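Residue numbers (this note's numbering): 20 to 574. What follows is a single structure, written as structure tokens, with notes after it.
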């Protein structure tokens, strides 16, 4: 033990979430998020040129600062080691200069007075600077994160604003020279190449219909058709799309998903890296920072390959807008693919092998998904995704929580625990020892189940409606027999023997899902509540399966 201390400097910025909530378009949402990543990138770049040693984030890849980034990769806080007494003042000046620089760029884009916009931006930005001495036996990341969290919770007394310059800036139309400076910075190469297709941001109808509209771009004359459908002059893109494609639209083609994700148990890994490592403190966390950077790059590719729009991907945080189905996959298989790259880049990172072997719980990812009608306010969908992830899924960790809000106002959802073992680990086990979950082994297969008739056919919808009606009518009986496998078998044999229930394979899958759902609610101590939750989870699964198989209507 020693009394030796090291001085650390840190900065957190915001309000990212409040700024994104002002957005009314996909372009504005991206801009609101990218603004703070851009700000942090520039501040860090000035400091790294003077050889300051950063604990977080990862800064050793020069491409981060020299190659245009199409998605925000910089987190809302950083920590570095102080070299001299005047470093805190230097940090204050760098932050102040960068705020002025951004205000000037915004004022220029809006053709407004620079001083007026600077006063507005200075009042809007919530920059928390911290200087603290920490003993060499204390974990600086853990301690500083807690202090910054406390600072950010302090009430802000902002002046009343007559105009929202940022909102106007975010919504600035992205047509040639009228693109805002963030877009010009992030898509510099595409703008230079005059590749307009790769600079514009997909509208919500483009995102919801990506499954059927993206293939349009690959056929002869498809690009012209695409722009005629989704151009600014088109008031009804769905009707225009139906006239151009052979495939009929289904109900889910008018709904979009907001997906938010965050890592679990990384604090335990950070603690292990700090306590078990030797040498300079800034070197102890570099392996994790590098692994998370590699995850971010891989995650962006997964998101874009699926047909979704990455809004922010930094550290272990993800925010994207996505279609419910695209490229032969669905929103939940997107979660699967993100988990796979997290496992490959973080859990299998060679530089973390020793530390990971000593932690009680391996890091995982938790997801919140809100699914909304295309006319639903985007800020409300964003808030719901945040609630699903932070408030609901985080209670279980390593979970996926979703909520679907229909155009009618009705809603349903569920929170599923994901497997603890990877697919590779599970494949090496015998059937008796394989880890089985309601999410992986029941819900996901139901989403790709091939019914006897074609998608969107009335028979499929009628079958699923009848199935749910039977379960709803007899939910009291089913609740009472949960945990009794013979009784459950008899219940399904007696209630699902009509002609309409010819999809016996699917009914068997539902029966097995009831058994698994009962097992996974054992964390609920109240027996009555456990039974209700079990049935609610199964109903949510079936309602979602029915939803993605319904043909489009006039909602």
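Every residue gets a Cβ at the ideal spot worked out from N, C-alpha and C, and that includes glycine. Remember, predicted model here, so these are calculated numbers, not experimental data.
Counting C-beta neighbours from all protein chains within 10 Å, is the total for residue 459 16 or more, i.e. buried, or is it exposed? buried
If you compare alpha carbons, which of 530, 463, 456 is closest to residue 486? 530
In whole angstroms, give me the CA-to-CA distance for residue 164 and residue 36. 18 Å
Alpha carbon of residue 102 to alpha carbon of residue 122, nearest angstrom: 30 Å
Tell me which residue opens and which closes the alpha helix (DSSP H) that residue 201 is part of. From DSSP, the alpha helix (DSSP H) with residue 201 extends over 200 to 205.
If residue 276 sits next to residue 343, beta carbons under 8 Å apart, how far is it from one beta carbon to the other, in whole angstroms? 6 Å
First through last residue of the alpha helix (DSSP H) which encompasses residue 224: 223 to 227 is the extent of the alpha helix (DSSP H) around residue 224.
Would you say residue 451 reaches chain B, if we count a Cβ-Cβ gap shorter than 8 Å as a contact? The structure shown contains no chain B; it holds only a single protein chain.
Count the other CB atoms, across all protein chains shown, that sit within 10 Å of the CB of residue 448; report buried if there are 16 or more and exposed otherwise. exposed
Grouping DSSP H, G and I as helix and E and B as strand, with all else coil, what is residue 277? In the structure shown, the three-state DSSP call for residue 277 is strand.
What residue ranges within the segment 385 to 451 form continuous beta strand (DSSP E) runs of no fewer than 3 residues, ordered along the chain? 418 to 424, 430 to 436
Nearest-angstrom beta carbon gap, residue 420 and residue 387 [assumed within contact, 8 Å]: 5 Å
Taking 8 Å as the threshold, find out whether the segment 279 to 289 comes into contact with the segment 406 to 426 through three or more Cβ pairs. Contact holds: three or more Cβ-Cβ distances are below 8 Å.
Inter-residue spacing [alpha-carbon to alpha-carbon] between residue 368 and residue 278: 25 Å
Considering only the alpha carbon of each residue, which of 569, 141, 32, 138 lies closest to residue 93? 32
Threshold first: 4 residues or longer. Then list the alpha helix (DSSP H) segments lying entirely within the segment 491 to 520, N to C. 494 to 500, 504 to 514
Give every residue of the same chain whose Cβ lies closer than 6 Å to the Cβ of residue 40, excluding the five residues on either side of it in the sequence, and list them in chain order. Result list for residue 40: 398, in chain order.
Less than 7 Å between C-beta atoms, sequence neighbours within five positions excluded: which residues of the same chain meet that for residue 308? Same-chain partners within the cutoff: 75, 76, 77.
Let me know if residue 305 comes out buried or exposed under the rule of 16 or more other beta-carbons within 10 Å of its beta-carbon. buried
Proximity of residue 114 and residue 146 at Cβ, strictly below 8 Å: yes
Looking only at DSSP bridge pairs, what is residue 383 linked to? 283
Span of the beta strand (DSSP E) holding residue 331? 328 to 333
Go ahead and label residue 322 buried or exposed: buried means 16 or more other beta carbons lie within 10 angstroms of its beta carbon, across all protein chains shown. buried
Assuming residue 512 and residue 536 make a contact with CB atoms under 8 Å, what is their CB distance in whole Å? About 19 Å; that fails the 8 Å criterion.
Using 10 angstroms around the beta-carbon of residue 362, count the other beta-carbons present and answer buried if the total reaches 16, otherwise exposed. buried
Residue 95: which of 63, 87, 120 sits nearest, CA to CA? 63
Hey, would you say residue 310 sits closer than 8 Å to residue 371, going by beta carbons? yes
Distance CB(residue 301)-CB(residue 100) smaller than 8 Å: yes
With a threshold of 8 Å on Cβ separation, who are the neighbours of residue 431 within its own chain once the five nearest residues in sequence on each side are excluded? 422, 423, 558, 559, 562, 563
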